[in-house]
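Engineer:
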Amino acid sequence: MIADDITSAIVNALTSVAPEVDPMSIRPGVSFRDQLDLDSMDFLNFVLALHDRLGIDIPERDYPKLYTFDGALAYLASKVTGNHL
Amino acid sequence: MITTTYREAIRAAIREALTKDARVFLMGEDVGRYGGAYGVSKGLLAEFGPDRIRDTPLSESTFVGAGIGAALGGMRPIVEVMTVNFSLLALDQIVNNAATIRHMSGGQFSIPLVIRMATGAGRQLAAQHAHSLEGWYAHVPGIRVVAPATLDDARGMLWTALEDPDPVLIFEHQTLYNMEGQLANNAQAVDLDRAAVRRPGKDVSLITYGGTLGKTLQAAETLAGEGIDAEVIDLRTLRPLDMPTIAASVKKTRRAVIVDEGWRSGSLSAEISARLVEQHFYDLDAPIARVCSAEVPIPYPKHLEDAAIPQPPAIIAAARETMGRRG
Amino acid sequence: MPSLGADMEAGTLVKWLKRPGDTVRRGDIIAVVDTDKGAIEIEVFEDGAIDTLQIEVGQKVPVGTVLAVIRGALSGNSASAAPPTPPAPAAREPQPARLLVSPAARKLAADRGIDLAAVRGTGPQGAITHEDVERAAGATGQAAAPAPVRGGADRASAMRAAIGAAMARSKREIPHYYLSSTIDMNATLAWLRAENERRPMPDRLLPVVLLIKAVATALHEVPELNGYWTSGALQQSPAVHVGCAISLRGGGLIAPAIHDADRKDLSTLMRDLRDLTGRARAGTLRSSELADSTITVTNLGDRGVDATFGIIYPPQVALVGFGRIAERPWVAAGRIEARSLLTATLSADHRASDGHRGGLLLDAIGRRLQTPETL
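Protein chains in written order, with the numbering used here: chain A, 1 to 85; chain B, 86 to 412; chain C, 413 to 787.
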């Protein structure tokens with residue numbers, strides 16, 4: 001359940017900054033920046049959208065962990081679980 | 086050089102004519118005891134007596150007709166009509182008689198008559214005293230129409246007009262009478278044939294006459310500050326138009342703005358514009374622009390009067406437009 | 413129809429947001445206009461009441477066309493809605509769909525065998541004048557000017573053509589000079605890290621915001637790089653409006669202005685930049701944002717480039733470009749060490765300034781980035 005929620009949060013956050021993105025085409029191991037042509041403002045907005053949707057605080061030094069879909073999923077899962085605990 | 090006014094320059098011209106030629110006399114409403122509605126003939130009654138400075142009844146048709154008769158009879162009358170608006174009462178005399186008799190008589194008779202009148206707005210004299218109808222007279226063959234805009238022309242045009250064997254109408258703009266400036270002690274009669282380049286320039290020709298010459302020169306100065314070098318042409322003679330001078334200017338600048346205090350419709354500015362397009366189309370780089378009076382009877386209130394007649398900002402805007410600039 | 417940049421010729425009215433009789437205040441959005449750059453909100457520049465709307469929805473009209481008449485509330489004067497923004501007459505030359513040629517120009521072109529389609533018009537309504545033909549005749553062998561853009565093409569190709577026309581004009585008319593300088597970013601990055609650590613997420617700053625602020629305030633030292641080249645003269649702007657080049661998803665580029673960037677704090681600049689980026693991509697920019705920039709900043713560091721040598725957006729006279737901030741070897745006091753470095757470049761109009769002054773600007777930018785806390 002948690003993984004599904006996080007996945008949909010990531011997809012929603014991505015499509016809010018890059019509306020033309022087809023969620024099915026996202027390659028999980030490749031950086032968003034490279035495959036979706038995100039710039040630093042897009043990425044910041046992406047992180048902010050995750051913050052809004054999941055209600056978690058993400059320190060700037062952790063931003064690199066969110067560069068790929070897999071990375072984001074793992075990082076957010078640990079944060080959300082941690083919060084719930 | 087002497088410092089004088091436009092009014093005094095005309096008075097000096099009348100005085101000289103009265104002195105030099107015994108056939109000359111001045112006639113019109115209030116020109117004698119009152120000294121003229123605009124004070125032009127002040128003092129002349131005392132100097133030359135009631136035979137040569139003649140007050141007339143308030144009947145333009147009558148005294149202009151009398152002037153035509155006197156001219157036919159060998160005199161050289163100067164008839165003063167208070168304003169161009171009132172001259173409409175004498176339109177029949179001017180257009181049907183003065184302008185035609187040389188032609189109707191097969192050249193046997195001519196009318197060496199000079200009619201002076203005030204024209205134009207700017208002194209809050211309202212719609213019955215402030216129109217610019219000289220363009221109408223410039224429509225009529227058989228008369229010459231001139232508009233002195235400078236002291237030299239105010240001083241020098243009258244004598245040349247008196248020497249013309251045919252009727253000459255002199256239009257004096259209301260706002261010019263108090264204009265002060267320098268005039269040569271020995272100021273001479275001037276020609277009535279040529280327009281004058283009052284300010285040379287290379288970018289746009291501003292073509293005007295009479296009361297709007299000063300505003301046009303002012304506009305040219307502002308334009309110079311913006312890097313637009315305007316040439317200012319003073320028509321001087323409204324009929325016949327000196328097209329060679331106008332054309333030479335437009336050939337050089339390829340752009341023309343015509344500033345005319347008359348109404349735009351059927352105006353002198355329309356005539357100049359049409360001739361430029363007819364004869365010099367391939368010299369033009371921009372549509373010809375016109376700055377004319379608003380198509381209303383000239384208003385009385387100062388701010389409305391100012392808004393109704395050509396002013397420097399409108400001239401500047403029109404000139405910029407011909408240069409492809411806006412704003 | 414205001415000109416929203418050197419490349420705009422015409423716009424299509426999409427929507428009126430006010431009706432005759434409505435009261436409007438300076439800054440209100442009164443209409444939406446569709447251009448090659450997307451839908452733009454048109455602001456009003458006068459207080460008053462809408463008297464008449466002159467253009468109907470769906471109508472495409474050239475730049476300079478009166479859209480609406482506004483009656484001033486106090487003066488009773490009327491003014492046209494959204495007059496073209498004052499400082500950039502050179503940027504407001506509409507290129508007419510039909511080739512307008514003055515009679516004198518047509519005759520000269522015929523006499524000299526000049527192809528009028530290749531001549532750019534500078535006369536009224538963009539008409540080709542005698543002088544334009546003379547210039548073209550003098551420059552035979554030069555590349556022909558781009559043909560006027562026709563409407564109806566799809567958005568992306570229309571924008572491509574608009575960018576092409578503006579950039580071709582810039583390269584044709586502006587004698588560019590280019591300078592580059594390497595800036596040590598250690599101090600800025602360290603300060604930014606600490607600052608973002610303590611800022612809540614929505615308030616965190618991107619490095620580019622500090623770069624924009626540094627450029628904006630550095631211009632106080634070299635004001636001749638801030639303004640416009642119009643009618644053969646430099647017109648310095650007292651205000652600093654920084655155009656921020658924003659790439660659009662799916663191609664294209666737009667450089668809306670952050671107004672008074674020199675006077676805004678970093679948080680405000682960040683908010684403005686975020687807002688502009690969002691609206692640029694959503695196609696809801698305002699007319700003043702497209703027309704007011706007095707200098708442009710472009711930052712391609714995100715894409716990993718080392719340095720960018722931009723083309724000035726006419727009628728501006730300068731563009732500052734930034735590459736990526738990367739650790740590189742740096743010699744300090746005889747020792748080689750790794751430091752975060754940034755290459756800043758300046759493209760400037762040699763008619764308005766010389767390299768010496770341009771160098772002073774880059775130096776002023778670099779100095780400011782050594783004391784980020786003062787930005």
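Backbone N, C-alpha and C define an ideal beta-carbon position, used for all residues, glycine too.
(1) Taking Tyr294/B and Arg321/B to be in contact with their CB atoms under 8 Å, please state how far apart those CB atoms are, rounded to whole angstroms.
(2) In this structure, how does DSSP classify Tyr262/B when only helix, strand and coil are distinguished?
(3) Find the nearest neighbour of Tyr222/B within the set Asn271/B, Gly241/B, Ala232/B, judged by alpha-carbon distance.
(4) Starting from the C-beta of Lys79/A, find all residues in its chain whose C-beta is less than 8 Å away, skip the five residues before and the five after it, and write them out in chain order.
(5) Determine the chain C residues that contact Leu54/A at a beta-carbon separation under 7 Å, and present them in chain order.
(6) Identify which residue in Pro726/C, Leu758/C, Ala744/C, His768/C has its Cα closest to the Cα of Gly817/C.
(7) Grouping DSSP H, G and I as helix and E and B as strand, with all else coil, what is His762/C?
(8) Can you tell me where the beta strand (DSSP E) holding His790/C begins and where it ends?
(9) Could one say the Cβ of Leu486/C lies closer than 9 Å to chain A's Cβ atoms, at least one of them?
(10) Please list, in chain order, the residues of the segment 716-735 of chain C that have any C-beta partner in chain B closer than 7 Å.
(11) In the DSSP assignment, find the alpha helix (DSSP H) that holds Arg616/C and state where it starts and stops.
(12) Going by DSSP, name the residue or residues bridged to Phe256/B.
(13) Within its chain, find whatever has a CB closer than 8 Å to the CB of Arg686/C; leave out the 5 residues flanking it on each side and keep chain order.
(14) So for Lys472/C, helix, strand or coil by DSSP?
(15) Secondary structure at Gln728/C, three-state DSSP: helix, strand or coil?
(16) Cβ atoms of Ile383/B and Val344/B: under 9 Å apart, would you say?
(17) Could you name the residues of the segment 54-68 of chain A whose beta carbon sits closer than 9 Å to any beta carbon of chain C, in the order they occur along the chain?
(18) Got a sec? Which residues, its chain only, sit under 6 Å from Ser649/C by beta carbon, not counting five neighbours each side?
(19) Glu609/C versus chain A: which residues are under 9 Å apart at the beta carbon?
(20) Taking its Cβ as the centre, do 16 or more other Cβ atoms sit within 10 Å of Asn271/B, making it buried, or is it exposed?
(21) Please go through the segment 9-71 of chain A and give each complete beta strand (DSSP E) segment of 3 or more residues, from N-terminal end onward.
(22) Find the residues of chain C that neighbour Asp34/A, judging by a C-beta separation of less than 8 Å, and give them in chain order.
(23) Under 9 Å, do Leu618/C and Leu48/A count as touching if we go by C-beta distance?
(24) In the DSSP assignment, what are the bridge partners of Cys364/C?
(25) Does DSSP put Arg683/C in a helix, in a strand, or in coil?
(26) Hey, out of Arg284/B, Arg208/B, Thr104/B, Lys336/B, whose CA is closest to Thr168/B's CA?
(27) Can you tell me which residues form a DSSP beta bridge with Arg375/B?
(28) Verify the CB distance criterion: does Ala685/C have a CB-CB separation below 9 Å to chain A?
(29) Measuring only between beta-carbons, confirm whether Arg410/B sits less than 9 Å from chain C.
(30) Beta carbons nearer than 7 Å to chain C: which residues of the segment 328-350 of chain B have them?
(31) Going by C-alpha distance, which of Val426/C, Val513/C, Ile441/C is nearest Ile470/C?
(32) Just to confirm my understanding: we take Gln35/A, look at its own chain, exclude 5 residues before and 5 after, and list those with CB closer than 8 Å. What are they?
(33) Near Leu712/C, what residues of its chain come up, given a Cβ to Cβ distance below 6 Å and the 5 sequence neighbours on each side ignored?
(34) Out of Thr338/B, Met328/B, Ala403/B, Leu326/B, point me to the one whose CA is closest to Glu316/B's CA.
(35) Using 9 Å as the threshold, is the C-beta distance between Glu346/B and Thr407/B below it?
(36) From the DSSP output, read off the bridge partner residues of Glu165/B.
Structural biologist: On the basis of the supplied data:
(1) Here residue 294/B refers to the residue found at position 209 of the second sequence. Here residue 321/B refers to the residue found at position 236 of the second sequence. Between Arg321/B and Tyr294/B the Cβ distance is about 7 Å, and since that is below 8 Å, they are a contact.
(2) Here the question's residue 262/B lines up with position 177 in the second sequence. Tyr262/B falls in the coil class under three-state DSSP.
(3) The residue you call residue 222/B lines up with position 137 of the second sequence. Selected option, being the one with the closest Cα: Ala232/B.
(4) Here residue 79/A refers to the residue found at position 79 of the first sequence. Closer than 8 Å at the Cβ level, and outside the excluded window around Lys79/A, lie Leu54, Ile56, Ile58.
(5) One-based indexing of the first sequence puts residue 54/A at position 54. Within chain C, no residue comes near Leu54/A; the closest Cβ sits about 12 Å away, beyond 7 Å.
(6) With chain C running from 413 to 787 in the structure shown, residue 817/C is simply not present.
(7) Numbered from 1 along the third sequence, position 350 holds the residue referred to as residue 762/C. Residue state, collapsed to three classes: coil.
(8) Beyond the ends of chain C as shown, which are 413 and 787, falls residue 790/C; an answer cannot be given.
(9) One-based indexing of the third sequence puts residue 486/C at position 74. Reliability of the predicted coordinates at Leu486/C is poor, the pLDDT of 49 falling under 50, and the value obtained from them is presented with this limitation in mind. No, because no Cβ of chain A sits closer than 9 Å to the Cβ of Leu486/C.
(10) none
(11) Position 204 of the third sequence, counted from the first residue, corresponds to residue 616/C. That residue, Arg616/C, is in no alpha helix (DSSP H); it is neither H nor E in DSSP.
(12) Within the second sequence, the letter at position 171 stands for residue 256/B. Answer is Met202/B.
(13) For the purposes of this step, residue 686/C is taken as residue 274 along the third sequence, with counting starting at 1. Excluding residues within five positions, none has a Cβ falling inside 8 Å.
(14) Residue 472/C sits at position 60 when you count from the first residue of the third sequence. Reduced to three states, the DSSP call for Lys472/C is strand.
(15) Position 316 of the third sequence, counted from the first residue, corresponds to residue 728/C. Three-state result, Gln728/C: strand.
(16) Counted from its first residue, the second sequence places residue 344/B at position 259. Counted from its first residue, the second sequence places residue 383/B at position 298. It is not a contact, given that the beta carbons lie outside the stated cut-off.
(17) Asp57, Ile58, Pro59, Glu60, Arg61
(18) For the purposes of this step, residue 649/C is taken as residue 237 along the third sequence, with counting starting at 1. Excluding sequence neighbours, Ser649/C sits near Asn638, Gly639, Thr706.
(19) Numbered from 1 along the third sequence, position 197 holds the residue referred to as residue 609/C. In chain order: Pro59, Glu60, Arg61.
(20) The sequence position of residue 271/B within the second sequence is 186, counting from 1. Asn271/B comes out exposed.
(21) none
(22) Counting from 1 along the first sequence, the entry for residue 34/A is found at position 34. What Asp34/A touches in chain C: nothing, since even the nearest Cβ is about 10 Å away.
(23) Along the third sequence, read from residue 1 onward, the residue named residue 618/C stands at position 206. Along the first sequence, read from residue 1 onward, the residue named residue 48/A stands at position 48. Result no, Cβ atoms of Leu618/C and Leu48/A do not sit closer than 9 Å.
(24) The displayed coordinates of chain C run from 413 to 787. Any statement about residue 364/C would go beyond what the structure contains.
(25) Position 271 of the third sequence, counting from 1, holds the residue named residue 683/C. Helix at Arg683/C.
(26) Within the second sequence, residue 168/B is the residue found at index 83, counting from 1. With distances taken between Cα atoms, Thr168/B lies closest to Arg208/B.
(27) The sequence position of residue 375/B within the second sequence is 290, counting from 1. Looking at the DSSP assignment, Arg375/B forms a beta bridge with Ile343/B.
(28) Translated into the one-based positions of the third sequence, residue 685/C becomes position 273. In the sequence on display, residue 685/C carries Leu and not Ala. Yes, Leu685/C counts as interfacial toward chain A.
(29) Position 325 of the second sequence, counted from the first residue, corresponds to residue 410/B. Arg410/B counts as touching chain C.
(30) Arg339
(31) Walking along the third sequence from the start, residue 470/C turns up at place 58. As written in the sequence, residue 470/C is Gly, which differs from the Ile given in the question. That would be Val426/C, whose Cα lies nearest to the Cα of Gly470/C.
(32) The sequence position of residue 35/A within the first sequence is 35, counting from 1. Closer than 8 Å at the Cβ level, and outside the excluded window around Gln35/A, lie Ile26, Arg27.
(33) Position 300 of the third sequence holds residue 712/C. Correct list, in chain order: Thr720.
(34) Stepping through the second sequence from its first residue, residue 316/B is reached at position 231. Among Thr338/B, Met328/B, Ala403/B, Leu326/B, the Cα nearest to that of Glu316/B belongs to Thr338/B.
(35) Here residue 346/B refers to the residue found at position 261 of the second sequence. Here residue 407/B refers to the residue found at position 322 of the second sequence. No, the pair does not count as a contact, with Cβ atoms beyond the cut-off.
(36) In the second sequence, residue 165/B corresponds to position 80, counting from 1. Gly113/B, Arg201/B, per the DSSP bridge assignment.
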